[in-house]
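The block underneath contains the structure these notes are about, expressed in structure tokens.
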Amino acid sequence: MSLDVKQAAPPPSGRKAARPDQGRGSSTKRRFNGRTALTLLAFLAPAAVFVGIFTYYPMIAGSQMAFRNWNLNDLSDTSWVGFGNFQSLFDAPEFGTIVRNTVVWVVGSLVPQVVIGFAVALFLKRRFRMRGAYQAMIFFPWAVSGFLIGMLFRWMFNAEFGVVNDLLMKAGLISSPIPWLSDPGFAMTAIIIANVWYGVTFFAIMILAALQSVSDEMYEAAALDGAGKVRTFFSITLPSISTTLALTILLRVIWIFNFPDIIFAMTGGGPADQTHIITTYMIKITQEGDYGKASALGLIVMVTLMLFAAFYLMAVRFRKGDQ
Amino acid sequence: MINSQTLVGRISKVVFLGLCLIVTVFPLYWIVVTSLKEPGAIYSLPLDYWPKQLSLDNYIGLFTKSDFGQYMLNSLVVALVAASVATLISLLSAYVLARFQFSGRGAVLGAFLITQMIPGFIALGPLYLMMTDFGLVDSKTGLILIYIAICIPFCTIMLRGFFENVPDALEEAAMIDGCSRLSALFRVIVPVMLPGIAASFVFNFVNCWNELFLSVTLMNSDSNKTIPTALAGFISSFNIDWGSMSAAAVLTVVPTLVIFAFASKFIVQGLTAGSVKG
């Protein structure tokens, strides 16, 4: 994850500038002899073998299923059907809902994560007693699997014995229990709350690290020039960390898009398929045995994410070039 | 910048961070409390925020009604072996990718990155068929092999960030003294990078410990199930046994929580290493 951030980020001064092909940089990065090349190949080989056999082969084999009639329940006819699987996906009446849900899920989870994560990072920037312990404690959601997070929140959002309804009623905010997970609108809210709970920490940590890399002199200079807090935030803080922020957001979008676990555990896409996003819908189709259609859906996800990543990075670079 | 010197700033800071902490920790508190209630008390109103009578019935039930001890052992073995091997393999590949320029380096990195964008389910069918051919369905070895492959890309990326913080003069010196590259790596670099390696290992371990969908697909027999598979088994179509579920959830989370508490500092370093340097 940190790598793509680095790849796209402008090369920081020093280390990266010392590329061997640009002159005599660090010693090991210069051209190496045949014996070294063999050693390097041997070092890379285990990783390549594992990823090749257990990730790339099934992925490619799975991709070609997208263009076949490939149903686990009836394997007598696995002929090519071209874009038939895609066609039947697009024709399904629920497809519109699923795409809309996916967008709501991604945007609805992302925005609160960024805003709250940013606020936490700003508050954590200045050292205080127990800050390390605090950081370790808010790291807690990361130790929990997506599935288990879904289960924890499913229990808390339980209509009858759930603690969320109980607390809301005690606070006088509602007068009767909300059927969180059996009402489509509330169910979507509930799964997004669970995802926000999980994702805030990631933003807080990435943004905090970025904030700490902004030099104090910048702030001192701004203070000398008489800039207020708000002005300083928008003129110094935000621009200084914009690259990190942009790339963290990109990673999270890809991740949230591809994250069916919480929904799978909390609602299973229900009630009545109303909380399915593309990847949970894919699970459903896989479980029904229609691997052709599921693979087609997988390819749609992959292409969408790659296009999104490409456009997003272009937009980020374009804006940077503007300044 | 928010000025925490003023009284208002200080109060809002404490309130906000306190609130965040409560919200973050509350689900854990609630599942612990649920697991310690008597099975019947879970479904009674009004809700008790602290059980009047602590009971271990849910835990006892978990171990008597299901083979939970066996599942925990399976998860431990699978996660431990897969995380160790994956960390070792990633160490080698990360070293090469961090230290050397060669044609195809970008392609290798790209290939690792793409694996992070694939919805796992696209590979599930072919993977199952392949494991059938290998005779590795419903076998811990099979699951371990797949987990290793899943861990490698991200672990390589993470370790690569740590390598770049270690000056390469270090292994150069060792090699001039007659070490081979491999022994230079393990005798000189690894000790320096130990925190980073530990963080990567923990990350791998937690991922394997928590993995659900592959394990559900591949492990059929009770003696091979891992914890997440067992958890998924507590959901029958309409009814969830929240007593067993909460006890199992606590037992699942606590080990990862403990190692995270020790390693979180290094994991944070690993995640942020590449992104904000310079």
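Sequence order for the protein chains is X and E. Taking this note's numbering, I'd label the letters of the first sequence as residues 5 to 327. Taking this note's numbering, I'd label the letters of the second sequence as residues 3 to 280. We put the beta carbon where it would ideally sit given N, CA and C, even for glycine. Fair warning: this is a prediction, and the values are worked out from it, not measured in the lab.
Between which two residues does the alpha helix (DSSP H) carrying Met160 (chain X) extend?
Taking the first residue of the first sequence as position 1, residue 160 (chain X) is located at position 156. Membership of Met160 (chain X) in the alpha helix (DSSP H) is indicated by the continuous run Gly150 to Met160.
Is it true that the region 224-234 of chain E meets the region 118-125 of chain E, where meeting means three or more beta-carbon pairs spaced less than 8 angstroms apart?
These segments do not touch.
Distance cutoff 8 angstroms, beta carbons only. Does Pro275 (chain X) sit that close to anything in chain E?
Here residue 275 (chain X) corresponds to residue number 271 of the first sequence, with the count starting at 1. No Cβ of chain E is located within less than 8 angstroms of the beta carbon of Pro275 (chain X).
Go to Asp170 (chain X), then tell me how far its alpha helix (DSSP H) extends in each direction, as first and last residue.
What you label residue 170 (chain X) is simply residue 166 of the first sequence in a count that begins at 1. That run of the alpha helix (DSSP H) goes Val167 to Lys174.
Please confirm if Met318 (chain X) has its CB atom under 8 angstroms from at least one CB of chain E.
Counting from one through the first sequence, the residue named residue 318 (chain X) turns up at place 314. At a cut-off of 8 angstroms, the C-beta of Met318 (chain X) has no neighbouring C-beta in chain E.
Using CA atoms only, rank isn't needed, just tell me which of X:Met222, X:Val257 and X:Ile260 is closest to Ser244 (chain X).
Walking along the first sequence from the start, residue 244 (chain X) turns up at place 240. Considering only X:Met222, X:Val257 and X:Ile260, the residue with the shortest C-alpha distance to Ser244 (chain X) is X:Met222.
Pull up the CB-CB distance for Leu216 (chain E) and Val194 (chain E), whole angstroms please, since I reckon it's below 8 angstroms.
Counting from one through the second sequence, the residue named residue 216 (chain E) turns up at place 214. Counting from one through the second sequence, the residue named residue 194 (chain E) turns up at place 192. Not really, about 35 angstroms apart at Cβ, beyond 8 angstroms.
DSSP state of Thr52 (chain E), grouped into three classes?
Residue mapping note: residue 52 (chain E) aligns to position 50 of the second sequence, counting from 1. In the sequence under discussion, the amino acid at residue 52 (chain E) is Trp, which differs from the Thr named in the question. Here Trp52 (chain E) sits in coil by DSSP.
For Tyr61 (chain X), I'd like the list of residues in its chain whose CB is within less than 7 angstroms of its CB, leaving aside the five on either flank, ordered along the chain.
Locating residue 61 (chain X) in the first sequence gives position 57, counting from the first residue. Within the same chain, no Cβ atom closer than 7 angstroms to the Cβ of Tyr61 (chain X) is found once the five residues on either side in sequence are excluded.
Can you name the start and end residues of the alpha helix (DSSP H) that Gly100 (chain X) belongs to?
The sequence position of residue 100 (chain X) within the first sequence is 96, counting from 1. Membership of Gly100 (chain X) in the alpha helix (DSSP H) is indicated by the continuous run Phe99 to Lys129.
Measuring alpha carbon to alpha carbon, tell me which of X:Ala198, X:Met155, X:Ala147 and X:Glu164 ends up nearest Asn206 (chain E).
Reading the second sequence from its first residue, position 204 is the one you call residue 206 (chain E). Among X:Ala198, X:Met155, X:Ala147 and X:Glu164, the Cα nearest to that of Asn206 (chain E) belongs to X:Ala147.
What are the boundary residues of the alpha helix (DSSP H) that includes Asp135 (chain E)?
Your numbering for residue 135 (chain E) matches position 133 in the second sequence. Unbroken alpha helix (DSSP H) run through Asp135 (chain E): Phe123 to Phe136.
Is it right to say Pro29 (chain E) is buried, meaning 16 or more other beta carbons lie within 10 angstroms of its own, or is it exposed?
Reading the second sequence from its first residue, position 27 is the one you call residue 29 (chain E). By the beta-carbon neighbour count (other beta carbons within 10 angstroms, threshold 16), Pro29 (chain E) is buried.
Touching by the beta-carbon criterion (3+ pairs, under 8 angstroms), the region 147-160 of chain E and the region 7-14 of chain E:
The region 147-160 of chain E, when compared against the region 7-14 of chain E, does not touch it at the 8 angstroms Cβ threshold.
So what does DSSP say about Val10 (chain E), is it helix, strand or coil?
Taking the second sequence and counting its residues from 1, one reaches residue 10 (chain E) at position 8. Three-state DSSP puts Val10 (chain E) in a helix.
Using the beta-carbon count (16 or more within 10 Å), is Ser180 (chain X) buried or exposed?
Taking the first residue of the first sequence as position 1, residue 180 (chain X) is located at position 176. Ser180 (chain X) is exposed by the Cβ-count criterion.
For Leu64 (chain E), which residues of its own chain have a beta-carbon under 8 angstroms away from its beta-carbon, when the five flanking residues on both sides are left out?
For the purposes of this step, residue 64 (chain E) is taken as the residue at position 62 of the second sequence. Its chain contains Phe70, Ser246, Ala249, Ala250 and Leu253 as the residues whose beta carbon lies nearer than 8 angstroms to that of Leu64 (chain E), once the 5 sequence neighbours on both sides are disregarded; these appear in chain order.
Please state whether DSSP places Ile281 (chain X) in a helix, a strand or coil.
The residue given as residue 281 (chain X) occupies position 277 in the first sequence. Correct three-state label for Ile281 (chain X): coil.
Residue-level contact to chain X via CB, Ser266 (chain E), 8 angstroms cutoff
Mapped onto the second sequence, residue 266 (chain E) falls at position 264. Closer than 8 angstroms: yes.
Look up Asn372 (chain X) in the DSSP assignment and say whether it is helix, strand or coil.
Residue 372 (chain X) lies beyond the stretch modelled for chain X, which goes from 5 to 327, so this question has no answer here.
Give the secondary structure of Trp201 (chain X) by DSSP, where H, G and I count as helix, E and B as strand, and everything else as coil.
As a position in the first sequence, residue 201 (chain X) is number 197, starting the count at 1. Helix, per DSSP.
Look at the alpha carbon of Leu44 (chain X) and the alpha carbon of Val83 (chain E), and state the distance between them as a whole number of angstroms.
Counted from its first residue, the first sequence places residue 44 (chain X) at position 40. Counted from its first residue, the second sequence places residue 83 (chain E) at position 81. Going by the C-alpha atoms only, they are around 25 angstroms apart.
Using 8 angstroms for Cβ pairs, my map puts Gln117 (chain X) next to Phe261 (chain X). What's the rounded Cβ distance?
Indexing the first sequence from 1 puts residue 117 (chain X) at position 113. Indexing the first sequence from 1 puts residue 261 (chain X) at position 257. Not really, about 14 angstroms apart at Cβ, beyond 8 angstroms.
Do Asp265 (chain X) and Leu214 (chain E) count as a contact pair if the criterion is CB distance below 8 angstroms?
In the second sequence, the residue the question calls residue 214 (chain E) occupies position 212. In the first sequence, the residue the question calls residue 265 (chain X) occupies position 261. Inclusion of Leu214 (chain E) and Asp265 (chain X) in the CB contact set at 8 angstroms is warranted, their separation being smaller than that value.
Could you name the residues that DSSP lists as bridge partners for Asp294 (chain X)?
As a first step, residue 294 (chain X) is located in the first sequence; it is residue number 290 there, counting from the start. Per DSSP, the beta-bridge partners of Asp294 (chain X) are X:Asn75.
Integer Cβ distance of Gly302 (chain X) from Trp74 (chain X), believed to fall under 8 angstroms
Looking up residue 302 (chain X) in the first sequence gives position 298. Looking up residue 74 (chain X) in the first sequence gives position 70. The Cβ separation is near 12 angstroms, so there is no contact.
Please confirm whether Ala96 (chain X) and Ser299 (chain X) have their CB atoms less than 8 angstroms apart.
Your numbering for residue 96 (chain X) matches position 92 in the first sequence. Your numbering for residue 299 (chain X) matches position 295 in the first sequence. Not closer than 8 angstroms, so no.
Contact set between Ser149 (chain X) and chain E, taken where Cβ atoms lie within less than 7 angstroms
In the first sequence, the residue the question calls residue 149 (chain X) occupies position 145. Ordered by position in chain E, the residues that pass the 7 angstroms Cβ test against Ser149 (chain X) are Asn212, Leu214 and Pro230.
Would you call the region 103-120 of chain E and the region 236-252 of chain X in contact, with 3 or more CB pairs under 8 angstroms?
Cβ pair count under 8 angstroms is below three, so no.
Looking at the C-beta of Asp187 (chain X), does it have a partner C-beta in chain E at a distance below 8 angstroms?
On the first sequence, residue 187 (chain X) is found 183 positions in, with the first residue counted as 1. Using beta-carbon distances, Asp187 (chain X) does not count as an interface residue toward chain E, since no partner is under 8 angstroms.
Leaving out five residues on either side along the sequence, give the residues of the same chain with a beta carbon under 7 angstroms from the beta carbon of Lys267 (chain E).
Residue 267 (chain E) sits at position 265 when you count from the first residue of the second sequence. Excluding sequence neighbours, Lys267 (chain E) sits near nothing in its chain.
6 angstroms Cβ shell around Val124 (chain X) - same chain, five flanking residues per side excluded
On the first sequence, residue 124 (chain X) is found 120 positions in, with the first residue counted as 1. Excluding five sequence positions before and after Val124 (chain X), the CB atoms of its chain that fall closer than 6 angstroms to its own CB belong to Ala208, given in chain order.
Given Lys20 (chain X), which residues of its chain have a CB within under 8 angstroms of its CB, disregarding the five upstream and five downstream residues?
In the first sequence, counting from the first residue as 1, residue 20 (chain X) sits at position 16. Its pLDDT being 39, under 50, Lys20 (chain X) is placed unreliably in this model, and the value from its coordinates should be taken loosely. The answer is none, since no qualifying residue turns up.
Hey, how far is the Cα of Thr143 (chain E) from the Cα of Val98 (chain E)?
Position 141 of the second sequence, counting from 1, holds the residue named residue 143 (chain E). Position 96 of the second sequence, counting from 1, holds the residue named residue 98 (chain E). So the alpha carbons of these two residues sit roughly 28 angstroms apart.
Quick check: is the beta carbon of Gly180 (chain E) nearer than 8 angstroms to any beta carbon in chain X?
To locate residue 180 (chain E), count along the second sequence from 1; it is residue 178. No, because no Cβ of chain X sits closer than 8 angstroms to the Cβ of Gly180 (chain E).
Whose C-beta lies closer than 8 angstroms to the C-beta of Ile154 (chain E) among residues of the same chain, with five residues either side of it excluded?
Stepping through the second sequence from its first residue, residue 154 (chain E) is reached at position 152. Excluding positions up to five away in sequence, the list reads Ala88, Ile91, Ser92, Ser95 and Phe114.
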